[in-house]
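Engineer: Provided herewith is a single structure, encoded as structure tokens, for subsequent inquiry.
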Amino acid sequence: MNRYQLAKEIAEDLKTKFGDKVSSIVLFGSVAKGEDKEESDIDLLIVSKEHLSRALDDSIGKILRNGFVPEILNLTDVEFTQMKNIGSPFYFSIKNEGIKLC
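Listed below in structure tokens is the structure:
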């Protein structure tokens with residue numbers, strides 16, 4: 001299974017677990033750009049109504065697959081909007097290069 005397919009499965013699992021708390025899950029970084037290598041990780045941005053950090057910590061062990069450890073960044077809807085409003089390069093990178101998985 002390639003990293004993109006694995007990222008989609010992880011995103012679907014997280015969306016199922018957290019339901020309406022999750023606004024979107026976006027793949028970014030080398031996998032999203034199609035530039036991943038053997039040592040590349042899977043970078044995911046979870047935009048949610050509230051921080052999911054504790055619940056995410058509990059889930060990490062359950063979503064490890066094929067030796068790939070996902071790097072997960074969790075921002076709230078408000079934080080993501082603030083990044084847009086201040087012209088954050090990260091926001092525009094996500095918008096231009098990220099792949100919305102759910």
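Its first residue numbered 1, the sequence shown is counted upward by one per residue in this note's numbering. Think of the CB as a built atom: it goes at the ideal place given N, C-alpha and C, for glycine as much as any other residue.
For D41 and G98, I'd like the C-alpha separation in whole angstroms.
Structural biologist: Cα to Cα, the separation comes out at about 15 angstroms.
Engineer: Rounded to the nearest angstrom, what separates I72 and L45 at their Cα positions?
Structural biologist: Each residue's Cα considered, the two are about 6 angstroms apart.
Engineer: Label D43 either buried or exposed according to how many other C-beta atoms from any shown protein chain fall within 10 Å of its C-beta, with 16 as the threshold for buried.
Structural biologist: Per the 10 Å Cβ criterion, buried.
Engineer: Given that a residue counts as buried once 16 or more other Cβ atoms are within 10 Å of its Cβ, and exposed if not, what is V69?
Structural biologist: Flag for V69 reads exposed.
Engineer: Could you pull out every residue in the same chain whose Cβ sits closer than 8 angstroms to the Cβ of D77, ignoring the five residues on either side in sequence?
Structural biologist: The residues are S23, V47, S48, K49.
Engineer: Measure how close the beta-carbons of V26 and I94 come, nearest whole angstrom, since I'm counting them as under 8 angstroms.
Structural biologist: Their Cβ separation, rounded to whole angstroms, is 6 angstroms, which keeps V26 and I94 in contact under 8 angstroms.
Engineer: State the start and end residues of the unbroken alpha helix (DSSP H) segment that holds V47.
Structural biologist: First-last for V47: 42 to 48, but that is the beta strand (DSSP E), not the alpha helix (DSSP H).
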